[in-house]
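S.K.: Numbered according to the UniProt record's numbering, the sequence shown spans residues 1 to 408.
Positions of the beta carbon are idealized from the N, C-alpha and C atoms, including for glycine.
Bear in mind that the values here come from a model prediction, so they are computed numbers and not experimental data.
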Amino acid sequence: MTDFQTQARASEAAMRDVFPATPLQRNAHLSERFGAEIYLKREDLSPVRSYKIRGAFNAMRKQPDQDLFVCASAGNHAQGVAYMCSHMGVKGVIFMPVTTPQQKIQKTRMFGGDQIEVHLVGDYFDDTLTAAQEWCQREGGHFLSPFDDADVIEGQSSIAVEIEAQLGKVPDHVILPVGGGGMSSGVASWFGDQIHCLFVEPEGGACLKAALKAGHPVSLDRVDTFVDGAAVGRIGVQPFALLQHVPLPDVLTISEDRICTTMIEMLNVEGIVLEPAGALAVEALGDVRSWIRGKTVVCITSGGNFDFERLPEVKERAQRYSGVKKYFLLRLPQRPGALKEFLGILGPEDDIARFEYMKKSARNFGSVLIGIETKRPENFPKLFSRLDEAGFTYSDITSDETLAQFVI
């Protein structure tokens, strides 16, 4: 056993005084679909509904004389630190992006109570991180990185200790979501060459892939904050040192809209509430189907801190990705019966989800923003064919991200 494994095992054992091990559950639905033994490591069932409590616990227990901790977080690390501040009776100052979902902000305050202060600073995590570090330099306290810290990485690796103990063996594959790299580097380091680790990132925050291509951590030009638990613009230095030899094909990227399909499916089929980052590993199964057939696979469902006010957006994104909902601009003649003619073109499974029309009295045509939902993606080519035959002019704007931000 390596020194790292010894320390990780000690960390996992010490955690039992604070919270129980999270379940490792075989998922029959996914196992049947992919022809493999699929297990979910339910980090969404920790006391703070994410794995971040592990790193916070381990790093804070190694600072027994410290009475002030400072951190920056998109939400989950904040809750872990807040929980431990309350448990240990120490003070915490927590910086979070202004764009953090309200559910995560409220839960952080609930877990920390009077032991913490919450500061909302910056639109992106990296801005928040800078503000937290500058505050710490001015005011003092121990800065607790969400991922770029050896003790945090060691604490997150306790997930692997539990997996091996609960499974009674090492799995063939572990699929790891990646944000700043703390958890993924810790779990991968525990297992070493015993198994095949796969790493999955959101397209709008693929900082590990960018670092592997460059040979060192680099800052992304733009970060999509939708997958807030993994929306990191630059992988940590220490995590990358542990992951720098990962083969590029073992790092998968998944679009934000596609992640939503798994969130909806897991909620409807399994009754499991996952945040976007928590669904990453499960969604990645579709990309490695040929690799995992007949194998034992563990997916880390890294978090379940989902604000249900976001559910309409998640459903919308999932429908658009699945091809059962489209938006288009329709040029409608301004004459009696034109609207009725258009409605007659719709198929039996087509439903109008949005309709906005402004009549222009001095023009022969008016513009309509229309959203159509249907049962099957193949219904849209048929609808568009009928529109073409009827002479209607239209533009499909479903994939136009610029327009979508303003009108959808």
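Can you check which of these residues, T261, L369, V187, E43, is closest to V152 by C-alpha distance?
M.R.: Minimum Cα distance to V152 is reached at V187.
S.K.: Looking at C-alpha atoms only, which residue of V178, P177, E162, G179 is the closest neighbour of P171?
M.R.: The shortest C-alpha separation from P171 is found at E162.
S.K.: Quick one: what does DSSP say A353 is sitting in, helix, strand or coil?
M.R.: Strand at A353.
S.K.: Are the beta-carbon atoms belonging to A131 and G122 less than 8 Å from one another?
M.R.: Yes, the pair counts as a contact, with Cβ atoms nearer than the cut-off.
S.K.: Once DSSP output is grouped into helix, strand and coil, what is the label at residue 410?
M.R.: The chain is shown from 1 up to 408; residue 410 falls before or after that span and cannot be answered.
S.K.: By Cβ distance below 7 Å, which residues in the same chain neighbour G180 in space, the five residues on each side in sequence not counted?
M.R.: Excluding residues within five positions, the ones whose Cβ falls inside 7 Å are P146, F147, D148, V232, I235, G236, P239.
S.K.: Considering only the alpha carbon of each residue, which of S46, V70, G229, A318 lies closest to F143?
M.R.: Measuring from the Cα of F143, the nearest candidate turns out to be V70.
S.K.: What runs of the beta strand (DSSP E), each 3 residues or longer, lie entirely inside the stretch 358-398?
M.R.: Fully enclosed beta strand (DSSP E) runs of 3 or longer: 365-373, 393-396.
S.K.: Output yes or no for whether 8 Å exceeds the beta carbon distance between L220 and F199.
M.R.: It is not a contact, given that the beta carbons lie outside the stated cut-off.
S.K.: So is P276 buried or exposed if we call it buried at 16+ other beta carbons inside 10 Å?
M.R.: Classification for P276: buried.
S.K.: Please list the terminal residues of the continuous beta strand (DSSP E) segment that includes residue 415.
M.R.: An answer regarding residue 415 cannot be provided, because it is not within the stretch 1 to 408 covered by the chain.
S.K.: Quick check on Y51: does DSSP put it in helix, strand or coil?
M.R.: Three-state result, Y51: coil.
S.K.: Going straight from the alpha carbon of T108 to that of M84, what length do you get?
M.R.: Computed Cα separation, rounded: 11 Å.
S.K.: I need the DSSP call for R33, collapsed to helix, strand or coil.
M.R.: DSSP places R33 in helix when its eight states are reduced to three.
S.K.: Beta-carbon within less than 7 Å of V288's beta-carbon, same chain only, minus the 5 sequence neighbours each way: which residues are those?
M.R.: The answer, listed in chain order, is L198.
S.K.: Measure from the alpha carbon of G294 to the alpha carbon of each residue in A165, L330, F34, Q166, then state which is nearest.
M.R.: Of the candidates A165, L330, F34, Q166, the one whose C-alpha sits nearest the C-alpha of G294 is F34.
S.K.: Which residues in the same chain as L267 place their Cβ atom closer than 7 Å to its Cβ, once the five residues preceding and following it in sequence are excluded?
M.R.: If we look at L267 and ignore the five residues flanking it on each side, its Cβ neighbours are V273.
S.K.: Going by C-alpha to C-alpha distance, which of K209, L167, E256 sits closest to V218?
M.R.: If we check each option's Cα against that of V218, K209 comes out closest.
S.K.: Would you mind reading off the limits of the beta strand (DSSP E) that contains R310?
M.R.: No beta strand (DSSP E) holds R310; DSSP gives it neither H nor E.
S.K.: Using the Cβ count rule (16 or more neighbours within 10 Å means buried), how would you classify L129?
M.R.: The residue in question, L129, is buried, as its Cβ has 16 or more Cβ neighbours within 10 Å.
S.K.: Can you tell me whether E275 is helix, strand or coil according to DSSP?
M.R.: Residue state, collapsed to three classes: coil.
S.K.: Could you tell me if I352 is buried or exposed, where buried requires 16 or more neighbouring beta carbons within 10 angstroms of its beta carbon?
M.R.: With fewer than 16 other Cβ atoms within 10 Å, it is exposed.
S.K.: Quick check: what's the CA-CA separation for G155 versus V18?
M.R.: Whole-angstrom Cα-Cα distance: 13 Å.
S.K.: By how many angstroms is the C-alpha of R386 removed from the C-alpha of T374?
M.R.: When rounded, the distance between both Cα atoms is 15 Å.
S.K.: Give the straight-line distance between the Cα atoms of Y321 and R258, rounded to the nearest whole angstrom.
M.R.: The straight-line gap from Cα to Cα measures roughly 6 Å.
S.K.: If we count Cβ pairs, one from each stretch, closer than 8 Å, do we get three or more for the stretch 380-396 versus the stretch 325-336?
M.R.: Yes: at least three Cβ pairs fall under 8 Å.
S.K.: Determine the DSSP secondary structure at H216, reduced to helix, strand or coil.
M.R.: If DSSP states are grouped into helix, strand and coil, H216 belongs with coil.
S.K.: Based on DSSP bridge pairs, tell me the residues matched to Y39.
M.R.: For Y39, which the question treats as bridged, DSSP gives the partners R26, V298.
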